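The number in the working numbering is simply the position in the sequence shown, starting from 1, with 48 added. Glycine included, every Cβ here is placed at the ideal spot set by N, Cα and C. Bear in mind the structure is a predicted one, so any value in this text is a computation, not a measurement.
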Amino acid sequence: MRKADVVNNIAEKTGIPKVDILVSLEAFFKEVKQSLGEGEAIYIRGFGSFILKKRAAKIGRNIKKNIAVEIPEHYIPAFKPAKEFMTAIKTSDVTPKHGIHKEEDDEE
């Protein structure tokens, strides 16, 4: 599902014009980026948290030049779903449509 699909679905369910939903959605994304950029996590009760995860410094390799490169400690954005969210997904009869591949059991 793309952002346009989300906007269309919300517009159909609520009757709010698509433009207003798109503006609100973009404002939400901007606020999440800005807050995480300032080091502040966002907690949405019943949905989940947008947090920063720390990645330790490590040694990587530039494969073109075959030399070791030091990768400094850094933070990456992450999403941690709320317990209610996880429970709702686990108890539903959902099958992934795109992007997620489940291991198939081969009985040979």
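State the CB to CB distance for the pair residue i and residue j, rounded to an integer number of angstroms; the pair is presumed to be in contact (CB under 8 Å).
i           : j           : result
residue 80  : residue 98  : 5 Å
residue 105 : residue 119 : 6 Å
Looking only at its own chain, which residues have a Cβ that is under 6 Å from the Cβ of residue i, when we skip the five neighbours before and after it?
i           : result
residue 123 : 100 and 102
residue 125 : 84
residue 132 : 94
residue 82  : none
Using DSSP bridges, identify the partner residues of residue i.
i           : result
residue 116 : 109
residue 69  : Bridge partners of residue 69: none, in fact.
residue 84  : According to DSSP, residue 84 bridges with nothing at all.
residue 144 : Beta-bridge pairing links residue 144 to no other residue.
Please work out which residues of its chain come closer than 8 Å, Cβ to Cβ, to residue i, disregarding the five sequence neighbours upstream and downstream, and give them in chain order.
i           : result
residue 136 : none
residue 64  : 58
Just the C-alpha distance for residue i and residue j, rounded to the nearest angstrom, thanks.
i           : j           : result
residue 145 : residue 49  : 10 Å
residue 153 : residue 61  : Low local confidence applies: a pLDDT of 46 at residue 153 is under 50, so the model's placement there is unreliable, with the coordinate-based value given in what follows. Computed Cα separation, rounded: 39 Å.
residue 89  : residue 121 : 19 Å
residue 67  : residue 78  : 16 Å
residue 138 : residue 117 : 41 Å
residue 110 : residue 70  : 41 Å
residue 141 : residue 114 : 48 Å
residue 127 : residue 55  : 21 Å
For the candidate residues the options, whose alpha-carbon lies nearest to that of residue i?
i          : options           : result
residue 76 : 91, 115 and 62    : 91
residue 74 : 87, 88, 51 and 64 : 51
Please work out which residues of its chain come closer than 7 Å, Cβ to Cβ, to residue i, disregarding the five sequence neighbours upstream and downstream, and give them in chain order.
i          : result
residue 87 : 100
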